Amino acid sequence: MPFELSPADLPRILPAWMVQHGAHLAEQGVARIVERYDLGGTTSYEGRVGRWTIYVDLSEREGVSVDCDECGKDGCVHAAAILHLIAHGATSATGLRPPSGLVEPWRRALERALDDPGVAEPTDVALLIGLDRDGVQIRPGLRGTRGTWIRTGIGWRDLDGKGITAEQRRALGELEALHEAREHFPGSTRPVYRSRWGSYDRAPQWIRLDELPSRGLWGVLADLRDAGVHLVADTKAQSPVALRAEPAAHHLSLDRRDGALHVRPVIDLQTEDDVRILPVGVPVAALAIADDDGVRELVPLREPLADAFTRLMQGEAFTIPDEAVADFERDYLPKLRRVAPLRSEAGTYDIPAPARPTLVLTLAQAEARATLSWRWEYPDASGLRLPAEERAIGDAVEAAAGERRELLGARQGTGFGAAMLTKDETVEFRTGVLPALRGVDGVRVDETDEQPEYRFAADPPVVHVSTAPHGNDWFDLEVSVDVGGEAVPLGMLLTALVARDRYVVLPSGTVFTLNATQFDPLRELLEEARSLQDRPTGPLRISRWQTDLWEELVGIGLVQAQANDWLDRLRGLTEADRLEPVEVPPGFRAQLRDYQKAGLAWLDFLRRHRLGGILADDMGLGKTVQVLAALERARQEDPSGRYLVVAPTSVVSNWVSEAARFAPALPTVGMDETSGKRGTALAEAVGDARLVVTSYALFRLDFDEYQAMGFTVLVLDEAQQIKNHRAQTHRCARVMDVPSKFAITGTPLENNLLELWALASLVAPGLLGGERSFTDQYRKPIERERNGERLHRLRRRLRPFMLRRTKEEVASDLPEKTEQLLEVELHPAHRRAYATRLQRERQKVLGLLDDVEANRMEILRSLTTLRLLALDPDLVDGAGSAPSAKLEKLGELLEEIVGDGHSVLVFSQFTQFLGRAAAVADARGIPYAYLDGSVSMSARKRMIERFTGGDVPVFFISLKAGGFGLNLTQADYCILLDPWWNPAAEAQATDRAHRIGQTRPVVVYRLISKGTIESKVVAMQEKKSRLFRDVLAGDDPSSVGALSATDFRGLIEG
């Protein structure tokens, strides 16, 4: 489709003033289109404005591009004129095919770049340099037929059409730019004549050289001469004006004779005395030398003249009587040093040396932090400064500071800005920089208060740490340090370690470093103690959960022997081969695999030591049976013990039945009502039962009664259900007074590391610190900064208290699970409906990303709309505007799977779509069971029995209602109708079939609507899966967290 250009488009392509000027040219008939043709999706035009050629290309993909012979590709009034004609429908009569005489755009571009068209008939151009009573001025001139230079009737604008070369045009443009720049110079009262685009419409005939900015002026004059522009005196003789190559120097001459000091300005021009010398440039950077025949030479100056020097040149030479020379030297000589170099040409006057400045450093110190302030001090009161002298002293100060020069403060001009140093920087400044500064000539150090001399200790510090038991979970720490026999105040050491200071300075000025290896574990220990204690100002303590820190402290000899027995007992957790195996309790009716026996030993060890942990085995590896074995073993050790399992409502009955099946000697009762609804107290309902199973909702509602029961073990099944640490259920589990707590979950983290912290805070309080400490120490460094060292430390800290085995590691006999991603093409009408809605939701979401947290629900609502639309347009518009290709694909798969004698689980997060999927089975006469959150417990049980009993081959399950707690090994196929943000939820669902007890290979189909948000969700799943593997399996860290603005943008764009 050709690119259509309208008048309304022009102000978006070129500046408004340029569009207006171009329209004027077009309407005056100056512009015309010569050719137009189409080639490869691009419409090209060739136009003329006066003698200039302009090319315009219009492309749907590339937009508008212009190229003017005169002005280039940046846009100009010539191009604006041609665009005006195109936008108003003007065309050439050549048609749509490229004429033979017009080359393609790419060929034209190369020829113009490689060939210099030059000028057909170059014209001699001159700048006539004239004088008036005010100074030097120039105007253009052209060679006449008689060989003389003609200026009458010749203006700057006339040069455009006179055949000047590109070099001449460029140099004249530079002169024009200098002329325009006069507006930036104060004191100029003449109007500024702009002449962009080569018009020179309002330029004067004469341009004054004594008013042009001197920066770059001499180079422009040299460029004009080199480009062939003649420089000629504006006199009858029209003599050439030379540009002297060697710059002239100037100075102030001071000589003593005839009882006085004579002062005069001198410029070494090496010319006759009877000439006029006129200034060129502002400030004066060149001089024009003129005689009766006009200007004969332009001379550059080595340094521009100060205004005071120019005024001295215009006045009379002056003398100072001998008796006034002292006053002159005091009051005026320092000022004259800034005007020009001083010289006694006859050697009759000894010019006094300049008063050398002093760089004064004022050094103040408070709370071990130094503040540096700098100032310049001069012995005279003239107020004039010597920048060269100051710069030399500043350079010497930097050289003395060496690699620590950044401690001086930012370099500002010739000196330094004020600086406030940290404690560590203060030590480095006082020990390494300050002594060197005292030796720099021209520097004085003023200290506002008395400080000892800082010096590093000759001997390393000696640290002693001892412990004393305090309560069940803590040890009080007693730390002492001495350096060379000088005791280190403990408060000073603790403050420095917690603040991660590099040095400690004792009151005597002795300095020792905290970078020694022996301080690293002590620093971690103190940081952990600070983050865990409710009262950081109280006694310093270490938690018994911090086994890795205990190991390090003992290993380097910092902790004395009284705590070693505790660590010896805990080494079974940190060294897997030292964990003592335990017998499966007699009467337990299950044959445990080796890894399940190891899990039993781990659970039993933690329980006996009044500890807790996270059992995070892969889904389907029999976590329930391991926990039941551990509880039965606990019952046999202590028949009076009582244990509580809290689980999702849907699996409470499963726990009761599994307990009856595997541990019939363990009296078990399940709670399905609150005490109020039941009409009896919890203790009465429990009776003699040793194992109580309840739901999270009932646990929260009747918490006080559960707390009063005095349970000895708390088991939190599917613990990811209470990962929100701010929710009431999480709080109940956290504050419940139980010797041992265990979290059972195959997905200890799903979206971010804070979920893992939330579970650890339940079962091992103190292990990972508080939320803020954990975020600073682990979450931010791992998720945002990809910090491998912090990831390693987190895994090391978790290892004793989290047990995770994967199917690949321990269940090699489990049949293979194969996953296939099937992309489904949307029907055309469905595709159009999705694209239309995508544009609307994209604009909405992009406008909400500036504040993701405040707008998170609205953003997720838009994304959910797109996810529903990717499944079936009828779910969003309700109009049945297009069929669902995914449902059609589902029907094909069901017929094939069921026809071959297999059973299949079909999952979806959206119950409304799950119902439509079930209707597909209905339409094909395929019997099925159906389960979502609206199904009652009794109906749920019947549905499960119908499928597991072989009555139906298909089971439709909502991801939330049946994604966990079900054993459905009768199925060997799984179909996921839509992807979820969290890949762990999908893995949990498919592992209803792929688990211990499965004897056939399992095939998982994941249906994805191609080219929709579902493809982006799949990519995000892989990102989250990496975080899960990093923390639990030990791969490299990956920057993954909760859905961020970048994630949302990636889901909605492109």
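Residue numbering for the sequence shown follows full-length UniProt numbering, beginning at 1 and increasing consecutively. Think of the CB as a built atom: it goes at the ideal place given N, C-alpha and C, for glycine as much as any other residue. For clarity, every value in this text was computed on a predicted model and none was experimentally measured.
Residues of the same chain with a CB within less than 7 Å of the CB of LYS844, apart from the 5 flanking positions on each side, are SER862 in chain order. Excluding sequence positions up to five before and after GLU70, its CB lies within less than 6 Å of the CB of TRP52, all in the same chain and listed in chain order.
A distance below 8 Å separates the beta carbons of LEU278 and GLY135.
Taking VAL397 as reference, the option from VAL440, LYS423 and ARG356 with the minimal CA-CA separation is VAL440. Counting along the chain, SER1009 sits inside the beta strand (DSSP E) bounded by residues 1002-1009. Per the C-alpha coordinates, the member of PRO321, VAL284 and VAL299 positioned closest to ALA306 is VAL284. ARG337 sits in coil when the DSSP states are folded into three classes, being neither helix nor strand. For SER761, the enclosing alpha helix (DSSP H) covers residues 753-763. Pairing ALA882 with ALA833 gives a Cβ-Cβ distance under 8 Å. Each of LEU611, HIS609, PRO11 and LEU621 was checked against the Cα of LYS597, and the nearest Cα belongs to LEU621. The three-state reading of DSSP puts VAL584 in coil, since its state is none of H, G, I, E or B. Take the alpha-carbon of PRO586 and the one of ASP482: they are about 58 Å apart. Cβ-Cβ separation between PHE907 and LEU959: approximately 5 Å, consistent with a contact (criterion under 8 Å). Within the same chain, ALA629, GLU632, PHE662 and ALA663 come within 7 Å of PHE588 by CB-CB distance, once the 5 residues on both sides are set aside.
Around the beta carbon of SER934, a 10 Å sphere encloses fewer than 16 other beta carbons of the protein chains shown; the residue is thus reported as exposed. For LYS817, the enclosing beta strand (DSSP E) covers residues 817-824. Counting along the chain, HIS179 sits inside the alpha helix (DSSP H) bounded by residues 166-180. Distances from the alpha-carbon of LEU142 to those of ILE944, ASP234, GLU406 and GLU1014 put ASP234 closest. The DSSP assignment places complete alpha helix (DSSP H) segments of no fewer than 4 residues inside the stretch 420-445 at 423-428 and 434-437, in order along the chain.
Under the Cβ criterion (8 Å, minimum of three pairs), the stretch 302-320 does not count as touching the stretch 347-364. GLY41 and ASP900 have their alpha carbons spaced roughly 54 Å apart. DSSP, read as helix, strand or coil, puts ALA457 in coil. The way I'd put it, the stretch 265-277 doesn't touch the stretch 356-374; fewer than three beta-carbon pairs between them come closer than 8 Å. Distance from the CA atom of LYS236 to the CA atom of TRP149, rounded to whole angstroms, is 10 Å. About 6 Å separates the beta carbon of GLN721 from that of TYR696, a gap short enough to meet the 8 Å contact definition.
Secondary structure of VAL66 (DSSP, three-state): strand.
Rounded to whole angstroms, the Cβ separation of VAL646 and LEU716 is 5 Å, and the two are in contact under 8 Å. Considering only ALA939, TYR349, GLU755 and LEU893, the residue with the shortest C-alpha distance to PRO953 is LEU893. Within a 10 Å sphere around the beta-carbon of THR668 sit 16 or more other beta-carbons, which makes this residue buried.
Counting along the chain, GLY915 sits inside the alpha helix (DSSP H) bounded by residues 911-923. The alpha-carbon separation between ALA346 and VAL266 amounts to approximately 13 Å.
Looking at the DSSP output, VAL898 sits in no beta bridge, so it has no partner there. Excluding the 5 residues flanking it on each side, ALA923 has same chain C-beta neighbours closer than 8 Å at GLY891, in chain order. Burial state of THR694 is buried, judged by a 10 Å Cβ sphere holding 16 or more other Cβ atoms. For LEU58 and ARG12, the gap between their C-alpha atoms comes out near 14 Å.
Distance from the CA atom of GLY746 to the CA atom of GLU808, rounded to whole angstroms, is 14 Å.
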